[in-house]
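What follows is a single structure, written as structure tokens, with notes after it.
There are 2 protein chains.
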Amino acid sequence: MKWLSGLPIRLVNRAYSPSNENMKKIAIIGSTGSIGRQALEVIGAHRDKLKVVALAAGKNSLDELAQQINVFAPDIVSVPNGQAAGDLRALLNNTKIKLDILVGEEGLEAVATHSESNLLLTAIVGFAGVKPTLAAIKKGKTIALANKETLVAAGSIIMSLVKEKGTKIIPVDSEHSAIHQCLSGYAISDIRHLWLTGSGGPFRTWNQKQIDNATVKDALQHPNWSMGKKITVDSATLMNKGLEIIEARWLFDFDPRKIKVVIQPQQILHSAVEFCDGSIIGQFGLPDMKLPIHYALFYPHRAEFADGPRLNLCELNSLTFETPDYDRFPCLKIAQEVAKEDSTAACVLNSANEIIVEAFLQERIRFKDIPVSLMRVLDKHNRVASPDLEDILEADLWARDEAAAILKAMV
Amino acid sequence: MKWLSGLPIRLVNRAYSPSNENMKKIAIIGSTGSIGRQALEVIGAHRDKLKVVALAAGKNSLDELAQQINVFAPDIVSVPNGQAAGDLRALLNNTKIKLDILVGEEGLEAVATHSESNLLLTAIVGFAGVKPTLAAIKKGKTIALANKETLVAAGSIIMSLVKEKGTKIIPVDSEHSAIHQCLSGYAISDIRHLWLTGSGGPFRTWNQKQIDNATVKDALQHPNWSMGKKITVDSATLMNKGLEIIEARWLFDFDPRKIKVVIQPQQILHSAVEFCDGSIIGQFGLPDMKLPIHYALFYPHRAEFADGPRLNLCELNSLTFETPDYDRFPCLKIAQEVAKEDSTAACVLNSANEIIVEAFLQERIRFKDIPVSLMRVLDKHNRVASPDLEDILEADLWARDEAAAILKAMV
């Protein structure tokens, strides 16, 4: 972050204060994760239009959070607990930063609902995104959603609250961003299919036996994207694409049976919409998460993306397309079936998957055990249809316990 | 046209009369050409929403025009002259059709401006489209434009009249239709580049020597589209893509230097727009002119396209992309240079090209003489900047005479 070297923080901050009213003020939960970092890079390159007002991060990245505070001077930050707050305060000791440091779930909610913000970027991973996202929507905040688990687990609740509050969700997932961009100016009723593209993951060309014996290291070799470990494993199982079907279902209020998946290994076509007249409109870009982040932060406007290379259609050479293979990637099929339900099953799928993937990352189970253990959890689950928040919180806890028990029995 | 066999015409026509007010009423000039025919097929499949009120056709297709009249029962038709009108009347003699048969330029204009129509489809080829299109715009008609020469020759005049009359032009050219679809909901000011795709034509993989010796038969072997002879030769020289740059410039009010061409041999991506943030939105479809015709006839709505196969992204296999080669296809470069001017040069380019391509089709010149003779005409032309209609009509006549003289000297 060279642009700030040597400048006192408050001075830099003051530099964009005068036009404060035209500024988009942004809160970020998960600021030290992959998406959070890239969002801050985008904001750093557009300090005349974008401003950070609140940040929340985990306890394992306090050094980085302190650095972010030094650079972006938010009003408030949140960390998981008092210990982390003390450590952060110590790290900030020799700067003149004045800010509120909050803790725990309340702190996270305070960041999500900060009165100064126009936009909340939900960049934390997993089910933990549900509550702060709901709190922000209740306050009428626009959500830049990078936490797909929120819609997977609680899509029906989230979207009816969005409707009630008259706010909106701008997707950050590259596939959903693509669909959002393609739908501009069109009615969803004119759409016959949503087409989600996927890279196919690191095991796209592997045979069944090779996949069965895949190691954690193998699963973390994603061909295109640099992401967190959990989502990278989800890309290897194609569970990620399955979760995206559920996300798209709620986000675009669309029949899940009409959401299709196509493997596009170069990940240049990020997704597409098919109209009733057969015309398909798709969005292309380099596989760079900064692009959908940029889109979400500036929406409904577009701004110059000066940073890094641009896609040149003349230099594409070849884009290839393949049908997904449900036999080698059963997680996609499992999720596609769950996507058709409006029940607690999607929450259970997501929460159990979090536990199971963690067990795989810890090398407690094999890659091929992932779909097997997922199916076992789902088979045992007593669905609640059209669930409310309490049903979902309960299903979440049940799924984690049940997954843990099933994994224990497997090892 | 099986759906009508055995039914008396007026009865069929009456069948859709009751909902006349919700009906889109369409006039077509050039109804017996490739686009006109396909438009009538689309209309025939949607007789509850689309109705033909006026038709104009050339003198060499009176049998077909009579058949179209029998099927669609327009109010008026126009043919080139009194002889053709007499022949047509004889052909219609044993039917009970009552309609006005008009002739000549006045007849063409009467069809274009028919008081009952909401939409004029300009499906005639060449410079002849300019006058009736202008007449229709003056009457506030929406134009479904399949005659690109109108915008190439008189873009500035046409578009300022469109603006003045508050009407609009919906492009039928597949590339411009694609861009029109991609721009939906967006401001042209957010666009950095328009990307026109081209198949590369039948000589895409031919070397210079092969192209120099190309025959008329070779040039008429278009890899993807079935079109008229003149436009097929324009596809072989890439002049068609050059004319499309000029068309796009006026249609979208866009800087011609920022309009790019990419060769996409499968012609599945029909064109695209690139935003300032690097995101590219493109439109895909099978190479079937009925799709852009369908879009233009139903715009701003979309309707089911039941007729024929649909594009399935999973079955695409591979899309390839190439940079156009200006050395082997000098006509593209010539047109790209002319596109930068707001002068009579574009009209001269277009009119001279019509004469020169006709000479090639008559085997009076070789394929490689096309760009050479075009350049000679352009070199001799005294440009008029920001031309009015008279300047353009004059430039058109001059270009045809000059091209004829240059061709005579060459043979």
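Line by line, the protein sequences are chains A and B.
The opening position of the first sequence corresponds to residue 1 in my numbering, with each subsequent residue numbered one higher.
The opening position of the second sequence corresponds to residue 412 in my numbering, with each subsequent residue numbered one higher.
All residues carry an ideal CB built from backbone N, CA and C; glycine is no exception.
- For the region 742 to 764 of chain B, no residue has a beta-carbon sitting nearer than 9 Å to a beta-carbon of chain A.
- Interface with chain B (7 Å Cβ-Cβ cutoff): Asp-327/A is excluded.
- Cβ-Cβ distances below 7 Å link Pro-330/A to Pro-371 in the same chain, with the five nearest sequence neighbours on each side left out; the list follows chain order.
- In terms of CA proximity to Phe-305/A, Ile-691/B leads the group Asp-799/B, Ile-691/B, Val-672/B, Ala-806/B.
- Contact note: Ile-692/B reaches chain A through Ala-178, Gln-181, Cys-182, Ser-184, Ile-281, Gly-282, Gln-283, Phe-284, using a C-beta cutoff of 9 Å and chain order.
- Taking C-alpha positions only, Lys-230/A is separated from Gln-208/A by approximately 22 Å.
- Within the region 707 to 723 of chain B, Arg-713, Ala-714, Glu-715, Phe-716, Arg-721, Leu-722 place their CB atoms closer than 7 Å to a CB of chain A, listed in sequence order.
- Within chain B, the C-beta atoms nearer than 7 Å to that of Val-262/A come from Leu-724, Cys-725, in chain order.
- Beta-bridge partners of Leu-269/A (DSSP): Phe-284/A.
- At least one beta carbon of chain B lies nearer than 7 Å to the beta carbon of Ser-318/A.
- Exposure of His-301/A is indicated by the presence of fewer than 16 other C-beta atoms within 10 angstroms of its C-beta.
- DSSP places His-591/B outside any beta strand (DSSP E); the residue lies instead in the alpha helix (DSSP H), whose first and last residues are 585 to 593.
- Nearest CB-CB separation between Phe-732/B and chain A: below the 7 Å threshold.
- Neighbourhood of Gly-689/B in chain A, by CB distance below 8 Å: Gly-285, Leu-286, Leu-291, Phe-305, Arg-310, Leu-311, in chain order.
- Shortest Cα-Cα distance from Tyr-706/B to any of Gln-449/B, Leu-649/B, Gly-444/B involves Gln-449/B.
- Nearest to Lys-59/A by C-alpha distance, out of Leu-151/A, Leu-108/A, Asp-388/A, Lys-165/A, is Leu-108/A.
- From the beta-carbon of Ala-248/A, no residue of chain B is found nearer than 9 Å; the closest lies around 15 Å away.
- In this structure the region 470 to 479 of chain B does not touch the region 661 to 668 of chain B; the number of beta carbon pairs closer than 8 Å is below three.
- Interface annotation for the region 40 to 58 of chain A against chain B: empty, criterion Cβ-Cβ distance under 7 Å.
- Bridge pairing for Lys-462/B: Lys-436/B [DSSP].
- Any Cβ of chain B closer than 7 Å to the Cβ of Phe-275/A would place that residue at the interface, and such an atom is present.
- For Thr-215/A, the closest C-alpha among the options Ala-236/A, Glu-106/A, Gly-278/A is that of Ala-236/A.
- Taking 3 residues as the minimum length, the beta strand (DSSP E) runs contained wholly in the region 589 to 646 of chain B are 602 to 609, in order along the chain.
- Proximity of chain A to Asp-584/B at the Cβ level (cut-off 8 Å) is not reached, the minimal Cβ distance being about 15 Å.
- Below the 8 Å Cβ cutoff, chain A contributes Phe-284, Leu-313 as neighbours of Ala-683/B, in chain order.
- Residue pairing for Phe-360/A: DSSP places it in no beta bridge.
- Listed by position along chain B, the residues whose Cβ is nearer than 7 Å to that of Asp-190/A are Arg-713.
- Less than 7 Å divides the Cβ of Leu-297/A from the Cβ of Leu-50/A.
- At a cut-off of 7 Å between beta carbons, His-294/A contacts chain B.
- Between Ile-437/B and Leu-466/B, the gap from beta carbon to beta carbon reaches 7 Å or more.
- Annotation: Asp-391/A to Gly-129/A spans about 16 Å, alpha carbon to alpha carbon.
- Contacts between Trp-606/B and chain A, judged by CB atoms closer than 7 Å, involve Leu-313 in chain order.
- With the rule of 3 Cβ pairs closer than 8 Å, the region 140 to 153 of chain A counts as touching the region 167 to 177 of chain A.
- Fully contained in the region 492 to 556 of chain B are the following beta strand (DSSP E) runs of length 3 or more, in chain order: 511 to 514, 530 to 533, 553 to 556.
- For Lys-791/B, there is no enclosing beta strand (DSSP E); the enclosing alpha helix (DSSP H) covers residues 780 to 791.
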